[in-house]
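Student: Have a look at this one before I ask anything.
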Amino acid sequence: MEKNIVVIKGDGIGPEIVTEAVKVMRKVAAVYGHAFRFEEVAAGGCAIDQFGQCLPQESLDKCLAADSVLLGAVGGPKWDGVDKNNRPEKALLRIRSAMGLYANLRPAKIFPQLSSASPLKKEIVDAGIDFVMARELIGGIYFGEHKTVEVGGEEQATDIMAYSTHEIERIARVAFETARKRGKKVVSVEKSNVLDCSRLWKKVVAAVAAQYPDVAYSTMLVDNCAMQIVKNPAQFDVIVTENMFGDILSDEASMITGSIGMIPSSSLGDGTNGMYEPIHGSAPDIAGQNIANPVGTILSGAMMLKYSFDMAAESDAIERAVSQVLDEGYRTTDIFSAGMKLVSCSEMGDLVAARIR
Ligand code: IPM
Ligand code: MG
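Going by my numbering, the letters in the sequence shown line up with residues 2 to 358, in that order.
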């Protein structure tokens, strides 16, 4: 198969980790006889530096035309002072929105080789951590009006959270479909004891749940969910939640698996083209040192193969290669422990690529 993949390396450690993921995907293409064409486009802080805009129109057009997009990370303190509408993060939000990528799936799964890296107690980890966060990605407070005005001699800021029925319905459907292929359990997370958006959320998800009698459905308040994720993560299969809650809870969920550096994500809409990115940020503090963990990005490539290109065997080959490298004791700094072999970002990419078969 021939696929056109747009690559956004972005900022901070972005270029380093994406280079390794591309390396692994090229190896997959060679072994399985595919032609992957990678085209790099500028977005984020580096695009501000180069073109004065966080997302040049040409970059967006290429994302929209691509079979899929692979992204590293955008942002960093260097661009803290830029206009809020041109911040590096805006590039990401605009691409998600323009491509209609409303469903962001973020797996929280512990690699058995890394169970000691989890900050949770052994008995909690041993009970199992394997769930997926289905985060609504192009609605809610991220996309409502943001403004700061003068009121009574001081500044006042407002961010509007809005959700319409159809926006909730479509992400709920993705959550239930995902659960059907897994443990058949959906927990809908909201703050319906306070927010109208959450009350509508709860009502709409319940209606969708009624169409999936084979999937167990329950609801949980977001504050309780934050607690349950560290107390008893084994209870979860699929968590469906709105944009900002999902942003926050997915960082928490990733950390209990040992390292945020290991977790990939997929963002999809109604088409097959999506955007795939690790869930971590640009980590400017370690950028350029070749010590970042590229596995989250490499596994994002695996998700692209499975979800956008329908290449399950190729995707599994990447996951197996990662697992083998971990079995052999290779670790980047973030997941290093005594007795293991410390490797750089590029060495990790080489090791995984060499094990693709
Ligand atoms: C994420 C990130 C982004 C988000 C930022 C960079 C805008 O934290 O993908 O989780 O909040 O969605
Ligand atoms: Mg986040």
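Built from N, CA and C at the ideal position, the CB exists for glycine as well.
This structure is a prediction, so every number in the text was calculated from the model and none was measured.
In its own chain, which residues sit with a C-beta less than 6 Å from the C-beta of Y213, not counting the 5 before and 5 after it?
Tutor: Against the sequence shown, residue 213 aligns to sequence position 212. F177, listed in sequence order.
Student: Using DSSP's beta-bridge definition, name the partner residues of G184.
Tutor: As a first step, residue 184 is located in the sequence shown; it is residue number 183 there, counting from the start. Per DSSP, none; premise fails for G184.
Student: Starting from the N-terminal side, write out each stretch of the beta strand (DSSP E) that is 3 residues or longer and does not extend beyond the segment 323-351.
Tutor: If we require 3 residues or more, the segment 323-351 turns out to have no beta strand (DSSP E) run fully inside it.
Student: Would the segment 226-237 count as touching the segment 111-130 if we require 3 or more Cβ pairs under 8 Å?
Tutor: Taking 8 Å as the limit for Cβ pairs, the verdict is that the segment 111-130 does touch the segment 226-237.
Student: Reducing DSSP to helix, strand and coil, say where G73 ends up.
Tutor: Locating residue 73 in the sequence shown gives position 72, where the first residue counts as 1. Correct three-state label for G73: strand.
Student: Which word fits P414, buried or exposed, when buried means at least 16 other C-beta atoms lie within 10 angstroms of its C-beta?
Tutor: Residue 414 cannot be examined here, being either before or after the span of the chain that is shown, 2 to 358.
Student: Using CA coordinates, which residue listed in M349, A43 and S267 is at the minimum distance from E59?
Tutor: To locate residue 59, count along the sequence shown from 1; it is residue 58. The option with the nearest alpha carbon to E59 is A43.
Student: Measuring CB to CB, does T273 end up less than 9 Å from D311?
Tutor: Mapped onto the sequence shown, residue 273 falls at position 272. Mapped onto the sequence shown, residue 311 falls at position 310. The answer is yes: Cβ separation under 9 Å.
Student: Does the beta-carbon of E124, which I'm using as the reference point, lie nearer than 8 Å to any heavy atom of the ligand IPM?
Tutor: Indexing the sequence shown from 1 puts residue 124 at position 123. No; taking the cut-off as 8 Å, the Cβ of E124 has no heavy atom of the ligand IPM nearer than that.
Student: For the beta strand (DSSP E) containing A36, list its first residue and its last residue.
Tutor: For the purposes of this step, residue 36 is taken as the residue at position 35 of the sequence shown. It spans A36 to E41 - the beta strand (DSSP E) in which A36 sits, taken as one unbroken run.
Student: Is R1 buried or exposed, if buried means 16 or more other CB atoms sit within 10 Å of its CB?
Tutor: This structure does not reach residue 1, given that the chain is present from 2 up to 358, and the question cannot be answered.
Student: State the DSSP-derived secondary structure class of D160, mapped to helix, strand or coil.
Tutor: Here residue 160 is taken as the residue at index 159 of the sequence shown, counted from 1. In this structure, D160 counts as strand in the three-state DSSP scheme.
Student: On a Cα-Cα basis, can you pick out the residue from K110, V206 and G270 that is closest to T166?
Tutor: What you label residue 166 is simply residue 165 of the sequence shown in a count that begins at 1. The residue with the shortest Cα to Cα distance from T166 is V206.
Student: Name the one or two DSSP bridge partners that M221 has.
Tutor: The count along the sequence shown starts at 1 and reaches residue 221 at position 220. DSSP lists V190 as partners of M221.
Student: Does the segment 2-17 touch the segment 36-51, meaning 3 or more C-beta pairs lie closer than 8 Å?
Tutor: Contact between the segment 36-51 and the segment 2-17 is present, because at least three Cβ pairs lie under 8 Å.
Student: Since E21 and I299 are thought to touch, with beta carbons under 8 Å apart, how far apart are those beta carbons, to the nearest angstrom?
Tutor: Here residue 21 is taken as the residue at index 20 of the sequence shown, counted from 1. Here residue 299 is taken as the residue at index 298 of the sequence shown, counted from 1. Yes, E21 and I299 are in contact; Cβ-Cβ is about 6 Å, under 8 Å.
Student: Excluding the 5 residues preceding and the 5 following I111 in the sequence, name in chain order all residues of the same chain whose CB lies nearer than 6 Å to its CB.
Tutor: Position 110 of the sequence shown, counted from the start, is the residue given in the question as residue 111. These residues qualify, in order along the chain: I130 and T258.
Student: Residue range of the alpha helix (DSSP H) that E124 falls in?
Tutor: Sequence index remark: in the sequence shown, residue 124 carries index 123 (1-based). Run containing E124: K123 to D127, per the alpha helix (DSSP H) assignment.
Student: Could you give the first and the last residue of the continuous alpha helix (DSSP H) run that contains R200?
Tutor: As a working note, residue 200 is residue 199 in the sequence shown. D197 to A210 is the extent of the alpha helix (DSSP H) around R200.
Student: If we define contact as Cβ-Cβ less than 9 Å, is G340 a contact residue for chain C?
Tutor: The question asks about chain C, but that chain is absent: this structure has only one protein chain.
Student: Can you give me the start and stop residues for the alpha helix (DSSP H) that T298 sits inside?
Tutor: For the purposes of this step, residue 298 is taken as residue 297 along the sequence shown, with counting starting at 1. Its alpha helix (DSSP H) spans residues V296 to Y308.
Student: So which residues put a beta carbon under 5 Å from any heavy atom of the ligand IPM, going in chain order?
Tutor: Residues with a Cβ closer than 5 Å to any heavy atom of the ligand IPM, in chain order: E90 and D248.
Student: Using 8 Å as the cut-off, classify the Cβ of D131 as near or not near the heavy atoms of the ligand NAP, replying yes or no.
Tutor: Absence of the ligand NAP is noted for the structure shown, with the ligand IPM and the ligand MG being the only ligands found.
Student: Can we say the segment 63-73 touches the segment 273-286, given the rule of at least three CB pairs closer than 8 Å?
Tutor: Result yes; three or more Cβ-Cβ pairs closer than 8 Å.
Student: For V29 versus A318, is the C-beta spacing smaller than 9 Å?
Tutor: Here the question's residue 29 lines up with position 28 in the sequence shown. Here the question's residue 318 lines up with position 317 in the sequence shown. It is a contact, given that the beta carbons lie within the stated cut-off.
Student: What residues in its chain sit with their C-beta under 8 Å from that of V25, if we drop five residues either side in the sequence?
Tutor: Counting from 1 along the sequence shown, the entry for residue 25 is found at position 24. Once the five neighbours on either side are set aside, the close Cβ partners of V25 are I299, G302, I319, A322, G350, V353, A354 and I357.
Student: Looking at the secondary structure, which residues open and close the alpha helix (DSSP H) in which I96 lies?
Tutor: The residue labelled residue 96 in the question sits at position 95 within the sequence shown. Where I96 is concerned, the enclosing alpha helix (DSSP H) stretches over P89 to A99.
Student: Helix, strand or coil: which one does DSSP assign to S116?
Tutor: Taking the sequence shown and counting its residues from 1, one reaches residue 116 at position 115. DSSP places S116 in helix when its eight states are reduced to three.
Student: Which whole-angstrom value describes the C-beta separation of Y218 and E168, a residue pair presumed to lie in contact below a C-beta threshold of 8 Å?
Tutor: On the sequence shown, residue 218 is found 217 positions in, with the first residue counted as 1. On the sequence shown, residue 168 is found 167 positions in, with the first residue counted as 1. About 19 Å; that fails the 8 Å criterion.
Student: Apart from the five residues just before and just after R171, which ones in its own chain have a Cβ nearer than 7 Å to its Cβ?
Tutor: In the sequence shown, the residue the question calls residue 171 occupies position 170. Excluding sequence neighbours, R171 sits near Y103.
Student: Would you tell me roughly how many angstroms separate the C-alpha atoms of T220 and I14, rounded to the nearest one?
Tutor: Residue numbering aside, residue 220 sits at position 219 when the sequence shown is read from its first letter. Residue numbering aside, residue 14 sits at position 13 when the sequence shown is read from its first letter. Roughly 37 Å separates the two Cα atoms.
Student: Please go through the same chain and pick out, in chain order, the residues whose beta-carbon is closer than 7 Å to the beta-carbon of A92, but skip the five residues on each side of it.
Tutor: Residue 92 sits at position 91 when you count from the first residue of the sequence shown. Here the set comprises A44, G45, A48, C55, L56 and V75.
Student: Which first and last residues belong to the beta strand (DSSP E) in which I6 is found?
Tutor: Working through the sequence shown from its first residue, we reach residue 6 at position 5. First-last of the beta strand (DSSP E) with I6: E3 to G11.
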